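See below for the structure under consideration.
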Amino acid sequence: QVRLVESGGGLVQPGGSLRLSCTAPGSIASINAMGWYRQAPGKERELVADITSGGTTNYADSVQGRFTISRDNAKDTVYLQMNRLKPEDTAVYYCNTKWRTLNWGQGTQVTVSS
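Residue numbering for the sequence shown follows the numbering used here, starting at 1 and increasing by one per position.
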């Protein structure tokens, strides 16, 4: 069973930055498309960014220009650099394949508040 582990969340002021990491030793390098998702209280989990093994990226309109997804296959890690954070970015962030085919990890909480 692939175990996804997300980290890097925290409390940040509006306009601040965070970098999230997602690891799954021995697994991510073999997965074509990985994604970052988020779920805010009372809302459905949504895909905010995805990246193929070749480096092609896609972003939700709400994060386009502020978030950057990247991957390091040698480290079996996917990153999400989040800049110019807004209060509406507050959510639990998860990683998974683009088609949500793996068991979900625990996620990492991101709170944007002054």
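Glycine included, each C-beta is placed from N, C-alpha and C at the ideal position. From a predicted model like this one, the values you see are computed outputs, not experimental measurements.
Just to confirm, is the Cβ distance from P25 to D72 under 9 Å? Your numbering for residue 25 matches position 25 in the sequence shown. Your numbering for residue 72 matches position 72 in the sequence shown. Cβ distance not < 9 Å, so P25 and D72 don't count as in contact.
From P41 to D89, what distance separates their C-alpha atoms? The residue labelled residue 41 in the question sits at position 41 within the sequence shown. The residue labelled residue 89 in the question sits at position 89 within the sequence shown. Between P41 and D89, the C-alpha separation is close to 11 Å.
Rounded to whole angstroms, how far is the Cβ of T97 from the Cβ of I51, which I believe are closer than 8 Å? As a working mapping, residue 97 is identified with position 97 in the sequence shown. As a working mapping, residue 51 is identified with position 51 in the sequence shown. About 11 Å; that fails the 8 Å criterion.
Rounded to whole angstroms, what is the Cα-Cα separation between T108 and C22? In the sequence shown, the residue the question calls residue 108 occupies position 108. In the sequence shown, the residue the question calls residue 22 occupies position 22. Cα to Cα, the separation comes out at about 10 Å.
Answer with buried or exposed for E44, where buried requires no fewer than 16 other C-beta atoms within 10 angstroms of its C-beta. On the sequence shown, residue 44 is found 44 positions in, with the first residue counted as 1. By the 10 Å Cβ count, E44 comes out exposed.
Starting from V194, trace the beta strand (DSSP E) both ways and give me its first and last residue. The requested residue 194 is not part of the displayed model; the chain covers only 1 to 114.
Rounded to the nearest angstrom, how far is the Cβ of I69 from that of L85, given a contact under 8 Å? Residue numbering aside, residue 69 sits at position 69 when the sequence shown is read from its first letter. Residue numbering aside, residue 85 sits at position 85 when the sequence shown is read from its first letter. With a Cβ gap of about 15 Å, I69 and L85 do not count as contacting.
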